[in-house]
Structures are given as structure tokens and as C-alpha cells.
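Q: To start, I am sharing the structure in question, which I have written as C-alpha cells.
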Amino acid sequence: MPPLIRFDNLTLGYERHPAIHHLSADVPAGALVAVVGPNGAGKSTLLKGVAGELRPIGGHIHLPELPRGGIAYMPQRSEMDHSFPVSVFDMVAMGLWREIGAFGGLSRGQRQRVENAIEAVSLSGFEARQIGSLSGGQLQRARFARLILQDAPIILLDEPFAAIDARTVEDLVHLILHWHAEGRTVLTVVHDFEQVRRHFSTCLLLARELVAFGPTAAVMTDALLARARHLSEAFDDNAPECHVAEAA
Amino acid sequence: MSPYELLFAPFADFGFMRRALAGCLALSLGATPVGVFLLLRRMSLMGDAMSHAILPGAALGYLAFGLSLGAMTVGGILAGLVVVFAAGLVTRASVLKEDASLAAFYLLSLAAGVMIVSLRGRNLDLLHVLFGSVLALDDHSLLLIASITSLTLFGLALLFRPLVLECFDPSFLRAVSRLSPVAHYGFLLLVVFNLVSGFHALGTLMAVGIMILPSAAARLWTRNLPAMLLFASLSALASSIAGLLFSFHADVPAGPAIVLMCGLVYFASLLAAPGGLLAGRLPVRKHLES
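As you go down the protein sequences, you meet chains A and B in turn.
So the first sequence is numbered by the numbering used here: it starts at 1 and just counts up by one.
So the second sequence is numbered by the numbering used here: it starts at 1001 and just counts up by one.
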């Protein structure tokens, strides 16, 4: 089976400084990958690259032909304006965009699916609430409900568990495992090694360059984690040009 | 003075008052909803900036064709569009944020406008451009304002969903659809059209008043978007009627009178509305169980 996402000698970065440096890896279809690494390792950058928000400055990301919206990307720092007057129901219903587009109304069945998604994240009863009145954890649940409806084959989650309580994390992990069971490909940035070891079968350890990629038990070793910490040197303003060959 | 003389006679007896009323009705239905979105996008002050940006176009139209409605309208719209699209381009392609790029272009536009007006304008004409002439709306102006309102309502209906998403979660809209720039520029297009429409009635300086003040008042009352749009339009209309009557009876300029009435509603809302100044100072009501 061919890989779903292929990183081919990929370099991603900002103003010529690489945040991801010559990364090559194949992510098989249906994989559940924890993206792990120290701060500044390029984890968020990698997801941005896959989501198409950042253009590679070297190498390629090979993705399958997907309709627009086929990649559901949940950034860490959402640009969402929480003071905007919109209800939880309406916000979650926007996950159906691929079906309803800019003008379509919601059928009875689709309304039911929105209700179901809201129920799946335990937010029933909050449908009419304004998103501005939700707590951090509730808002994260609402964003997951919207992801459910997006029905995307590739799901990218950037630190979905940051500043979220244990109970909510447990519920959200449950949803991620469910997506994995449905055959979706999920890449999640996770900081908590315990969560990685417990829930994620595959691990991609980054420190600007690829440290290790494979079964979690083989990647999350003390030796490799120490190597990742060691590799994540400071960003050097006067770094010389990189001379690693671009052709893989 | 009987209630009839106070409230109805001015409109019943004078054609110019009826025309002014029709113009204000159109503005309340078109420009005010656009103002609600300006407010929600935190672009309240940008409406003001945009209204200045229109000046050189209107002035050029005036310079070339004299006090011609068509020339000044087309000129104003073109100048507004140049500023909007240039600023949009700079915002999307450079490190400058929207406010900075818009400020740069509108300041240049305003300077160019003042320069052009001073080349040949007389003070009286400048006053017309700055303060409008709601009590002297002719058929053409009225038709223009009504057309822009129809276009606006149609445009807002078409753009509603993408525009709401563009306002509150732009990265999500970009991820699921190509409509993000359509919503962004489409909306700014409507802003320019309505500012031009408003400037014929109220002048470039006052046009933003009927867009932003009723919207701010509405935001104080409700957190429901359709209710906000309705409240804003109705209060803009009520303020317009009150303003026209005040201007008629007290013999003061109508444009500022209308905007001041909008301000009255705003201040009343500040005092009385749940989102206003006093809400936090009332005695604490017994809290709910959950």
C-alpha cells in the first residue's frame, strides 16, 4: 500500500531559517501519529505545511488528491474571535461546509447529525449558548464536534490537549481513537509523553530534523529523546547557507 | 403644536422631507447592516478611514464634470476600490496588518483629495461633499441610494455565511473553501458602495455615523446576530425620522441631526442595555442553581 503522506527531503521555515530541516518520512494511510519533540522542534510547522498554510522552502510534501476541506486542520492558536455572536450549534454546523457550502440549508438529517456531534463531545444542552460563554475545555469540545462533521480523511491536531483538564483529555482521546478506527489518518502534536505511550501506536520524533519515526516503543526511548533535546539548538541569525543536496 | 403638526405635517406637506425620509429608509436598510459587520469585524474606525479615502475620487469627478452626481459617484467608488484593494493586497502579501496598510492608503488618498479640491473647488462645494444634502436629494440621488441598498441586501444575503465565518474563524473558512477572499473583498466592496451612498445624503464625514452608532447600540442589547441586524436597522430608521423632524422644527442641518439622534439611542443603550455601563453596577441578583 503506497504511503498517504510522503515527506520528501522537506524543508519548511520562516524567512529562510528552517524549522523543519530535510525531513523524509512516509506516513501510511490510516496511521495514528503522535508528533513529538521539544519546543521549537518544528511540530506545528510540519502540520502547517501539510495543511497547506506554509509553502516548503525545499523538498516536497506529496499528498493524495483530496477535495478542498479533505484535510481538517485544528491549529493550536486559533484565530477564532470568541466575542463574535454565534451559537455553539451554528459553529459546530459549519463542519458540514463541504456538504452545504455557502448557501445550502440544513436538512432535518443534517440537523440531527449536528446534534449527534454535539452529544458526542458531551455538550448537549449548550447548543444555543454563545461560543464566547464557553470555558476553554468546552470550546475545545465544540471544535472537536465540528471536526467530527468535517468528515475529513486526514486530520491534523496541533496540541489539542494544551490547558485542558484530564476528564476532557480522556474524552477527546477517545474521539481520536475512534477516528483512527474509522481508518482516518491522524497527526497530533502531543507534549505529554505518558499520553503518547498510552494511546498512540506511531510516533514521529522531531528536533528540526527527523530523530526517529516508527512504533512508539521504539521511538520514545531515553536515548532518542535525549538526542532530540540535544539537537534542538538555538535559531542562529547568522547561520550560513545549508549545503545539503536538495535532490533526495 | 398638535401631534399631527409635530410628527406628520412636515412629511405630508413637503416633498423634500418625503425624499429625505425615503433616502434615510434606504440607508437604514442597507448601510446600517453593513455597519453591524464593520463593528463585529472590529473595523468601526476603518469605516471612517474609508470614507476619507473616497474624497479624491469624488473630487476628481467634480473637477472634471462639475457638480455631477454620476461623475462624483463613479469617482468615489473607484477611489474607494483602489484603496480597499491596494490595502488588501498589502495586508495579505506583507507583514503589515490590515489597519496599518489601510491607514497608509487612506491618508494618501485623503491628501490627494484635499489637494484636488483646493485646485478648483469653492468652499460651498466642499461643504456639500463633507456634509451631504439629505434635504436636497433629487430623483437621481434617491435612485442611486435605493439601488445601492438593494444591491447591499442582495450581497449580504449571498455572502452571509462566508462573511460570518470570515469574521469569527477566518482560518477555518480558508481551510474549507476558496470564498475567504470573496467574502473579504465582497464585504469591503459593499462598504465602499454604502459610504458613497451615505455621502450623497449625509456627507463623507457623517455617512459612517448611521452605520456604526446604531450597530454599537444594538451590540449592547443583544448577542444574537439577526436580532442585532434588525435592531440596528430599526433604530437607524427611528433616529433618521427623529433627526429629520428635529432639523425641520429647529431649523438645523439634517445630516448632523440624524447622526446626533443615532447618538442619543447609543447613549440610552449605554445606560439601559444589559451590555452597557450600568449592568455591572446593579445589585447582584440571586444566582441560579446551575
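In this text, a Cβ means the ideal position worked out from N, Cα and C, and glycines have one as well.
From the beta carbon of Ala248 of chain A, is the nearest beta carbon of chain B less than 7 Å away?
A: Annotation note: pLDDT 45 at Ala248 of chain A (below 50); position unreliable, no value reported.
Q: For Glu79 of chain A, go through chain B and note every residue whose CB falls closer than 8 Å to its CB, in chain order.
A: Those are Asp1169, Pro1170, Ser1171, listed as they occur along chain B.
Q: Measuring only the C-alpha atoms, how far is Gly1015 of chain B from Ala1136 of chain B?
A: Taking the straight line from one Cα to the other gives about 10 Å.
Q: Going by DSSP, what residue range makes up the beta strand (DSSP E) through Ser34 of chain A?
A: For the record, residue 34 of chain A in the displayed sequence is Ala; it is not Ser. Here the beta strand (DSSP E) through Ala34 of chain A covers 32-36.
Q: Taking 7 Å as the CB-CB cut-off, is Leu1175 of chain B touching chain A?
A: Note on identity: in this sequence residue 1175 of chain B is Ala, with Leu being the wrong assignment. Yes, Ala1175 of chain B counts as interfacial toward chain A.
Q: Using C-beta distances below 7 Å, list every residue in its chain close to Ile1212 of chain B, excluding the 5 sequence neighbours before and after it, in chain order.
A: If we look at Ile1212 of chain B and ignore the five residues flanking it on each side, its Cβ neighbours are Gly1035, Leu1038, Leu1039, Ser1044, Gly1047.
Q: What's the gap between the Cα of Ser44 of chain A and the Cα of Leu1234 of chain B?
A: Taking the straight line from one Cα to the other gives about 47 Å.
Q: Please return the same chain residues whose Cβ sits closer than 7 Å to the Cβ of Pro38 of chain A, not counting the five positions on each side in sequence.
A: For Pro38 of chain A, where only same-chain residues beyond five positions count, the Cβ hits under 7 Å are Ala207, Ala228, Arg229, Ser232.
Q: When you compare only the Cα positions, how much space is there between Ala29 of chain A and Leu1237 of chain B?
A: If you take the alpha carbons of Ala29 of chain A and Leu1237 of chain B, they lie about 58 Å apart.
Q: Determine whether the Cβ of Tyr73 of chain A lies closer than 7 Å to any Cβ atom of chain B.
A: Yes, Tyr73 of chain A lies at the interface with chain B (some Cβ there is under 7 Å from its Cβ).
Q: Is the CB of Arg1092 of chain B under 7 Å away from at least one CB in chain A?
A: Judged by the 7 Å Cβ criterion, Arg1092 of chain B is not in contact with chain A.
Q: Taking only heavy atoms of the ligand FAD into account, decide whether any of them is closer than 6 Å to the Cβ of Phe213 of chain A.
A: Among the components modelled here there is no ligand, and therefore nothing to report on the ligand FAD.
Q: Can you list, in chain order, the residues of its chain with a C-beta nearer than 6 Å to that of Asp1013 of chain B? Leave out the 5 residues immediately preceding and following it.
A: Answer for Asp1013 of chain B: no residue qualifies.
Q: Determine, using beta carbons only, whether Phe1008 of chain B comes closer than 7 Å to chain A.
A: It does not: the Cβ of Phe1008 of chain B has no partner Cβ on chain A nearer than 7 Å.
Q: Please report the Cβ distance between Ile155 of chain A and Arg198 of chain A, rounded to the nearest whole angstrom; I am assuming they are in contact, meaning their Cβ atoms lie under 8 Å.
A: Between Arg198 of chain A and Ile155 of chain A the Cβ distance is about 19 Å, and since that is not below 8 Å, they are no contact.
Q: Ordered along the chain, which non-local residues of its own chain (more than five positions away) have a Cβ less than 8 Å from that of His1184 of chain B?
A: These residues qualify, in order along the chain: Gly1088, Glu1166.
Q: What number of angstroms, rounded off, separates the C-alpha of Leu1003 of chain B from the C-alpha of Leu1245 of chain B?
A: Note that residue 1003 of chain B corresponds to Pro in the displayed sequence, not to Leu. C-alpha separation (whole angstroms): 12 Å.
Q: Measure how close the beta-carbons of Val1196 of chain B and Thr1073 of chain B come, nearest whole angstrom, since I'm counting them as under 8 Å.
A: 6 Å between Cβ atoms; contact.
Q: Buried or exposed for Ala248 of chain A, please, with buried defined as at least 16 other CB atoms from any protein chain shown within 10 angstroms of its CB.
A: Residue confidence for Ala248 of chain A is low, a pLDDT of 45 falling below 50, so the modelled location carries little weight; the figure read from the coordinates is stated next. With fewer than 16 other Cβ atoms within 10 Å, it is exposed.
Q: Using a Cβ cut-off of 7 Å, which residues of the region 131-146 of chain A contact any Cβ in chain B, in chain order?
A: So the list is empty, because no residue satisfies the distance condition.
Q: Can you confirm whether Leu1040 of chain B, when its beta carbon is compared against all beta carbons of chain E, has any partner nearer than 7 Å?
A: Note that chain E does not occur in the displayed structure, where the protein chains are A and B.
Q: Compute the Euclidean distance between the alpha carbons of Arg146 of chain A and Gly95 of chain A, then round it to the nearest angstrom.
A: Going from the Cα of Arg146 of chain A to the Cα of Gly95 of chain A covers about 5 Å.
Q: Could you name the residues of chain B that Arg98 of chain A contacts, counting a contact when the two beta carbons are closer than 8 Å?
A: Ordered by position in chain B, the residues that pass the 8 Å Cβ test against Arg98 of chain A are Val1176.
Q: Could you tell me which of A:Met91, A:Gly59, A:Ala19 sits nearest to Ile118 of chain A, measuring between CA atoms?
A: Out of A:Met91, A:Gly59, A:Ala19, A:Met91 has the C-alpha closest to the C-alpha of Ile118 of chain A.
Q: Which residues in chain A have a C-beta closer than 7 Å to the C-beta of Leu1165 of chain B? List them in chain order.
A: Residues of chain A passing the Cβ test: Met94.
Q: For the putative contact between Ile1145 of chain B and Leu1055 of chain B, defined by C-beta atoms under 8 Å, what is the C-beta separation to the nearest angstrom?
A: About 19 Å separates the two Cβ atoms, so there is no contact after all.
Q: What is the residue span of the beta strand (DSSP E) that Phe1246 of chain B lies within?
A: Phe1246 of chain B -> not in any beta strand (DSSP E); alpha helix (DSSP H) instead, spanning 1225-1250.
Q: Quick one: does Pro1226 of chain B have its CB under 7 Å from some CB of chain A?
A: Not an interface residue.
Q: Using a 10 Å radius around the Cβ and a threshold of 16 neighbouring Cβ atoms, would you call Phe1168 of chain B buried or exposed?
A: Phe1168 of chain B is buried by the Cβ-count criterion.
Q: Of the choices A:Val121, A:Leu123, A:Ala93, whose alpha-carbon is the least far from that of Gly109 of chain A?
A: Of A:Val121, A:Leu123, A:Ala93, the residue nearest in Cα terms is A:Ala93.
Q: In whole angstroms, give me the CA-to-CA distance for Trp179 of chain A and Pro18 of chain A.
A: Straight-line Cα distance between these residues: approximately 32 Å.
Q: Using a beta-carbon distance below 7 Å, is Leu952 of chain B in contact with chain A?
A: This structure cannot settle anything about residue 952 of chain B, because the visible part of chain B is limited to 1001 through 1290.
Q: Taking only the alpha-carbon atoms, compute the straight-line gap between Met1017 of chain B and Asp1138 of chain B and give it to the nearest angstrom.
A: So the alpha carbons of these two residues sit roughly 12 Å apart.
Q: From the DSSP output, read off the bridge partner residues of Ile20 of chain A.
A: Ile20 of chain A pairs with A:Leu12.
Q: Run down chain B in chain order and give the residues with a C-beta less than 7 Å from the C-beta of Phe200 of chain A.
A: By Cβ distance, chain B contributes nothing, its closest Cβ being about 24 Å from Phe200 of chain A, past 7 Å.
Q: Determine the extent of the beta strand (DSSP E) in which Asp158 of chain A is found, giving its start and end residues.
A: Per DSSP, Asp158 of chain A belongs to the beta strand (DSSP E) from 154-158.
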